[in-house]
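Notes for the one structure printed next.
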Amino acid sequence: MKFLLPILLLASVSCTAQSADFLVLKKKNKTIQTFYSGNNISITTQSGAYISALINGIKEDTLYLQEFITRYMLTTFGTYIIDTLGSYRYKFHYNQIRAIGRKQKTNFNWRGSGASLMGGGSLIVIGSGIVYLADKQKFSLPLLLAGAGLGTLGYFMAKGKKGGDGFLIGKKYQLVYMNMSNQKTNG
25 MKFLLPILLL
35 ASVSCTAQSA
45 DFLVLKKKNK
55 TIQTFYSGNN
65 ISITTQSGAY
75 ISALINGIKE
85 DTLYLQEFIT
95 RYMLTTFGTY
105 IIDTLGSYRY
115 KFHYNQIRAI
125 GRKQKTNFNW
135 RGSGASLMGG
145 GSLIVIGSGI
155 VYLADKQKFS
165 LPLLLAGAGL
175 GTLGYFMAKG
185 KKGGDGFLIG
195 KKYQLVYMNM
205 SNQKTNG
């Protein structure tokens, strides 16, 4: 037995396995993220539906997804547990995906700050109008113009680019299907 163990350890055993298909999210030919069966993915479809689901499989250009419905349930001890009520299964061609994920906002919130500036500028303009009607001696034209300018700047900041769409598939980001099957298809 002691003689047989080193021989078994040194003997090489070859084994083959079938590789699964996968998706690659690229930005200018640089891989950002790779999606395999068993991974979670958050997508927005071409129809506008947002789905956060588990990838059950990727076969022949199609994503097989399973979205779980979970709710917080109260226990008899007064604590909460997360309970799975059910699940939905979806099937999408990878070209039906408009965006992947949602960008996390970790930087300055331009839209919220713009709304604050617009509100503050409006209050200054309204206050200047009341002062003009009540006592024209204390009225300040530069303050009225500054309030109008701040309100206008705030409007354009709040109206700006909307965020949270994730990685939009198109010019900047590409979603590439990697077919790992050995079979050749006629096409």
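Under the working numbering, think of the first position of the sequence shown as 25, with each following residue one higher. We treat Cβ as the ideally placed atom computed from N, Cα and C, and that holds for glycine. Remember, it's a predicted structure, so these values are computed and weren't measured experimentally.
Per the C-alpha coordinates, the member of Ile-148, Ile-31 and Asn-53 positioned closest to Gly-194 is Asn-53. For Ser-164, there is no enclosing alpha helix (DSSP H), as DSSP marks it with neither H nor E. In the displayed model, Phe-101 falls within coil according to three-state DSSP, outside both helix and strand. Here Asn-53 carries a coil assignment [DSSP, helix/strand/coil].
A Cβ-Cβ distance of about 17 Å is found for the pair Ser-146 and Ser-164, leaving them out of contact under the 8 Å criterion. Residue burial is scored here from C-beta neighbours: Thr-103 has fewer than 16 other C-beta atoms within 10 angstroms and is therefore classed as exposed. A contact between stretches requires three or more CB pairs, one per stretch, nearer than 8 Å, and the segment 88-95 fails this requirement with the segment 130-142. In the three-state reduction of the DSSP assignment, Ser-71 falls in the coil class, being assigned neither a helical nor a strand state.
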